[in-house]
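Colleague: First, the structure itself, so that you have it in front of you.
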Amino acid sequence: PDVAAPRSNILAAVKDPYTFKSGTSMACPHVSGVAALLKALHPDWSPAIIKSAIVTTASNDRFGLPILADGLPQKPVDPFDYGGGFIDLNRAVDPGLAYDVDPKDYIPFHDCFLAGNSSCESESRNLNIPSIAILNLKEPTTVLRTVTNVGQADAIYKAVVQSPPGMQILVEPSILKFSAGMNKQSFKVTFTTTHKVQGNYLFGSLAWHDGGAHYVKIPIAVRPVLSNNYYSDV
1 PDVAAPRSNI LAAVKDPYTF KSGTSMACPH VSGVAALLKA LHPDWSPAII
51 KSAIVTTASN DRFGLPILAD GLPQKPVDPF DYGGGFIDLN RAVDPGLAYD
101 VDPKDYIPFH DCFLAGNSSC ESESRNLNIP SIAILNLKEP TTVLRTVTNV
151 GQADAIYKAV VQSPPGMQIL VEPSILKFSA GMNKQSFKVT FTTTHKVQGN
201 YLFGSLAWHD GGAHYVKIPI AVRPVLSNNY YSDV
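For the sequence shown, UniProt numbering gives the first residue as 1, with consecutive numbering after it.
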């Protein structure tokens, strides 16, 4: 999922007359409502910017305690469980930066996805969504992203990286400067393994912080491998 939203024991209107329901059918209306409010406040925002605002301002810190998944045995959750985290409308109203996507950029991604061609991996990695996932990392790999300043015109953001264990992440440039005449900036994120491991996904995050209220964070998921013949079963 991209984010997590309230979904358990939601008081819902039904025919006779109310009930408590749980599931994605309850979570989806919460996120849809947030998206509608953001569009009303920012009519010029694209669907991709609205999604980015919701994802990059979400929180995965519950009072300093680990978030545990439902069921037994309980396990700490990861971005595959909650995406960017729990939605936060108040912060999403003013995200600072956003990852926008031109609709035509989905076409090569879609074509590569249908073809299942490994030579298309760079197309999927570089789609400008607010997350980064690398399926099989063997050699140093670089991912490209572009952010759009949707906040104050003059702003400076610094990269804050939480690297997955056994991995080095280099962000270039590590400082982004915006002005009235320059509201978009691109950057590269290079992933290198420092420990030879294979098999499990490792998680981290990349955030852009302006030193104030804006902390624009995206989740990272990487699976390092030792062999090119190792394939995903996910």
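Even glycine gets a Cβ: it sits at the ideal position worked out from N, Cα and C.
Treat the numbers as computed from the prediction; the structure is a model and nothing was measured.
Where in the region 176-205 do unbroken runs of the beta strand (DSSP E), each at least 3 residues long, occur, reported from the N-terminal end onward?
Modeller: The region 176-205 contains these whole beta strand (DSSP E) runs: 184-193.
Colleague: Once you ignore the five residues that flank residue 197 on each side, which residues in its own chain have a CB closer than 7 angstroms to its CB?
Modeller: 166 and 224.
Colleague: Use the C-beta contact count for residue 200: other C-beta atoms within 10 angstroms, 16 or more gives buried, fewer gives exposed.
Modeller: It counts as exposed.
Colleague: Compute the distance between the beta-carbons of residue 97 and residue 126, then report whether it is under 7 angstroms.
Modeller: In this structure, residue 126 does not lie closer than 7 angstroms to residue 97 by Cβ.
Colleague: If you reduce the DSSP assignment to three classes, tell me which class residue 91 lands in.
Modeller: In this structure, residue 91 counts as helix in the three-state DSSP scheme.
Colleague: To the nearest angstrom, report how far apart residue 82 and residue 192 are at their CA atoms.
Modeller: Approximately 25 angstroms, taken between the alpha carbons.
Colleague: Rounded to whole angstroms, what's the CA-CA distance from residue 235 to residue 136? Just pull it up for me.
Modeller: Residue 235 lies beyond the range of the chain shown here (1 to 234); nothing can be said about it.
Colleague: In the structure shown, what three-state DSSP assignment does residue 223 receive?
Modeller: Strand.
Colleague: Given a cut-off of 7 angstroms, decide if residue 128 and residue 157 are closer than it, judged by their beta-carbon atoms.
Modeller: For residue 157 and residue 128, no; Cβs fall outside 7 angstroms.
Colleague: Starting from residue 21, trace the beta strand (DSSP E) in both directions and tell me its first and last residue.
Modeller: Element bounds for residue 21: 18-21.
Colleague: Looking only at C-alpha atoms, which of 33, 146 and 24 sits nearest to residue 188?
Modeller: Residue 146 is the option with its Cα nearest to residue 188.
Colleague: Measure how close the beta-carbons of residue 87 and residue 31 come, nearest whole angstrom, since I'm counting them as under 8 angstroms.
Modeller: The pair is a contact, with the Cβ atoms about 6 angstroms apart (cut-off 8 angstroms).
Colleague: How would you write the range of the alpha helix (DSSP H) that residue 134 sits in, first residue to last?
Modeller: It is not in any alpha helix (DSSP H) - residue 134 instead sits in the beta strand (DSSP E) that spans 132-137.
Colleague: Can you list, in chain order, the residues of its chain with a C-beta nearer than 8 angstroms to that of residue 248? Leave out the 5 residues immediately preceding and following it.
Modeller: In the structure displayed, the chain extends from 1 to 234; residue 248 sits before or after that span and is not available.
Colleague: Helix, strand or coil for residue 209? Go by DSSP, reduced to three states.
Modeller: Correct three-state label for residue 209: strand.
Colleague: What whole-angstrom Cβ distance do residue 21 and residue 12 have, given they're in contact under 8 angstroms?
Modeller: Yes, residue 21 and residue 12 are in contact; Cβ-Cβ is about 5 angstroms, under 8 angstroms.
Colleague: Assuming residue 56 contacts residue 160 under a Cβ cut-off of 8 angstroms, what Cβ separation, rounded to an integer in Å, is found between them?
Modeller: The Cβ separation is near 12 angstroms, so there is no contact.
Colleague: Look up residue 76 in the DSSP assignment and say whether it is helix, strand or coil.
Modeller: Residue 76 falls in the strand class under three-state DSSP.
Colleague: I need the boundaries of the beta strand (DSSP E) containing residue 41, first residue and last residue.
Modeller: Note, residue 41: premise wrong, no beta strand (DSSP E); alpha helix (DSSP H) at 24-41.
Colleague: Within the continuous beta strand (DSSP E) that includes residue 158, where are the two ends?
Modeller: Its beta strand (DSSP E) spans residues 155-162.
Colleague: Looking at the structure shown, is residue 53 part of a helix, part of a strand, or coil, going by DSSP?
Modeller: Residue 53 falls in the helix class under three-state DSSP.
Colleague: Classify residue 131 as buried or exposed, calling it buried when 16 or more other Cβ atoms lie within 10 Å of its own Cβ.
Modeller: Counting Cβ neighbours within 10 Å, residue 131 comes out buried, since at least 16 surround it.
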